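Here the sequence shown stands for residues 1 to 164, where the numbers follow full-length UniProt numbering. Yeah, the Cβ is synthetic: ideal placement off N, Cα and C, and Gly gets one too. These figures come from a predicted structure and were not determined experimentally.
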Amino acid sequence: MIGPNHERDRGLTAALTHVLTIGITTILIAMLMMGASAMLEAETERSTETSLETVGERLAGEIDNVDQIASEDDDSATIVADHPSSVSNSQYTVELYDDCESTDAPLIDDGACLELAAHEVDVTVHVPVAADEDAIDDSDRVAGGSIEISTDSNGEISITEADR
């Protein structure tokens with residue numbers, strides 16, 4: 001009788017099953033790695049945002065302290081504040097605005113604020129400052145780390161990089 005020879009096909013089934021198992025396992029491991037990578041990136045962004053908010057809150061408090069010291073003495077005051085130079089392995093910059101309405105700060109209606117922006121991770125945080133916006137001197141961006149907060153004889157508050 002002429003027909004398919006089933007004796008030759010038996011060895012093929014084991015090899016085919018082995019190849020399919022390896023292929024499916026490879027696809028599953030690749031998908032697992034992509035998911036873990038996305039989760040790690042999201043956690044890094046969240047960690048950077050939290051760290052920048054913490055640094056911003058501390059810096060806003062120090063700006064308020066300088067404003068109070070200068071208003072009590074009617075003189076100039078300077079504080080050098082030491083903060084981390086990087087957060088979540090990312091350098092960051094700080095900028096002081098007298099009016100946050102002109103920036104992209106959705107949760108701050110108006111008034112002075114700090115903008116902290118990380119370089120390696122695309123995260124920008126805005127923190128309100130309690131000082132009077134007329135007393136804020138829009139300053140240049142300064143790198144994170146040691147920051148000098150000062151008022152001049154006119155009562156204007158500015159931030160600069162500290163010499164350390």
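Distances from the CA of R58 to each of G155, V127, D137 were compared; the closest alpha carbon is that of V127.
Of all alpha-carbon atoms in A135, I147, N65, D110, the one lying nearest the alpha-carbon of L116 is that of I147. Bridge pairing for H126: E115 [DSSP].
For V80, the enclosing beta strand (DSSP E) has its first and last residue at 77-82.
Between the alpha carbons of S76 and D140 lies a distance of about 20 Å. Here T151 is buried, its C-beta having at least 16 other C-beta atoms within 10 Å. With a beta-carbon spacing of about 5 Å, V121 and S90 fall inside the 8 Å limit used to define contacts.
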